[in-house]
Ligand SMILES: NC(=O)c1ccc[n+]([C@@H]2O[C@H](COP(=O)([O-])OP(=O)(O)OC[C@H]3O[C@@H](n4cnc5c(N)ncnc54)[C@H](O)[C@@H]3O)[C@@H](O)[C@H]2O)c1
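In the numbering used here, the protein residues as written are -11 to 316.
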């Protein structure tokens, strides 16, 4: 790819996340927002007016117009079909989480991405948020993660209304907890076993979870997640215990690192960073565009995407069977 080539971007899904990515991309000279499609005419026309792009009735007509990059920002269970279509047409794909909402879909995406010339990146923004990167950097620098305590809560599942509809989300783990399940794998390594309890308290879905994960390297984690915790912060928290050492991350706001007995504790706060930077959205878009331009390897492999889906499915299977599930 020529370095000075401007890449045409089409957005599928003109809601909250489609708009957030478009705000970031519209300030990036390496790309040009050119098209949008959404099942709601009003949503696509409003988006088209705001970002000066052409609205299309569906993905097929938007692809016929010619785009180099597709952003998929529709509800979860609608991600796989456009991902496959784009990859088969060698269009680069940025798809919001989840990667897929079943193992079968996840396998199809792995196969399509392997056969495609294009780059795929999933919207796992925590990997790019400075607070979570701090944890990753310390682990890469030698901190051994023995035991993690992780939580990820939502205040409610009311806005947008599809958040409590399993047919749209694929289930609560696919909608909310996926962020911290991905983070657990990223920080602790491959999972080998999982045991989970879950209840459908207050919503027509399993929205309260207590999960135990065993990792290949011997590490262990407990992860709790609720869909009705109120928006009291931090809504997410990670604590990783090392060799007489600890790493703590309070959402995307602050981190601390106690490197050893009798040593000073390193404390950092990111709360003054602009939101899109604090949550890693700007950085994830930058990494994706750089991968598309061939400047960096892809920051998120489809194999990693597959492993997240495998872990989520194992959690559901554990609840269904009442057993510990071993991962292949
Ligand atoms: N990474 C994050 O921090 C984060 C945060 C929120 C949401 N998300 C993810 O982003 C995605 C979108 O969430 P949102 O909050 O923007 O939702 P939203 O409801 O605000 O927007 C979704 C848009 O997609 C449109 N749509 C629905 N089905 C469609 C279809 N089949 N074809 C075309 N358009 C369709 C809707 O009309 C709507 O405009 C979801 O997958 C969600 O899990 C990620």
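Glycine residues also receive a C-beta, built at the ideal position from the N, C-alpha and C atoms.
heavy atom of ligand 1 below 6 Å from residue 96 C-beta: no
Simplified DSSP assignment, three categories, for residue 336: No information on residue 336 is available, as it lies outside the stretch -11 to 316 that the chain covers here.
Go ahead and pull the three-state DSSP assignment for residue 79. coil
Quick one: does the C-beta of residue 279 sit closer than 6 Å to a heavy atom of ligand 1? no
Spatial neighbours of residue 214 within its chain, please: CB distance less than 6 Å, with the 5 preceding and 5 following residues excluded, ordered by chain position. 141 and 196
Cβ-based burial, residue 128 [other Cβ within 10 Å; buried from 16]: exposed
By DSSP, does residue 317 sit in helix, in strand, or in coil? Residue 317 is absent from the model: the chain starts at -11 and stops at 316.
Less than 6 Å between C-beta atoms, sequence neighbours within five positions excluded: which residues of the same chain meet that for residue 68? 88 and 93
Look at residue 227 and residue 137 and say whether their C-beta atoms are less than 7 Å apart. yes
Nearest-angstrom Cα distance between residue 261 and residue 230? 28 Å
Decide if the stretch 113 to 123 is in contact with the stretch 141 to 153; the criterion is three or more beta carbon pairs, one per stretch, under 8 Å apart. no
Given a cut-off of 7 Å on the beta-carbon distance, is the pair residue -2 and residue 60 in contact? no
If I'm right that residue 8 touches residue 269 with Cβ under 8 Å, what's the distance once you round it to whole angstroms? 6 Å
By how many angstroms is the C-alpha of residue 26 removed from the C-alpha of residue 49? 12 Å
Other residues of its chain near residue 217: CB distance less than 8 Å, five sequence neighbours each side excluded: 141, 142, 143 and 223
Range of the contiguous beta strand (DSSP E) that encloses residue 208: 208 to 214
Determine the direct distance from the alpha carbon of residue 187 to that of residue 133, and round the result to whole angstroms. 29 Å
Measure the C-alpha to C-alpha separation of residue 299 and residue 173 and round it to an integer number of angstroms. 9 Å
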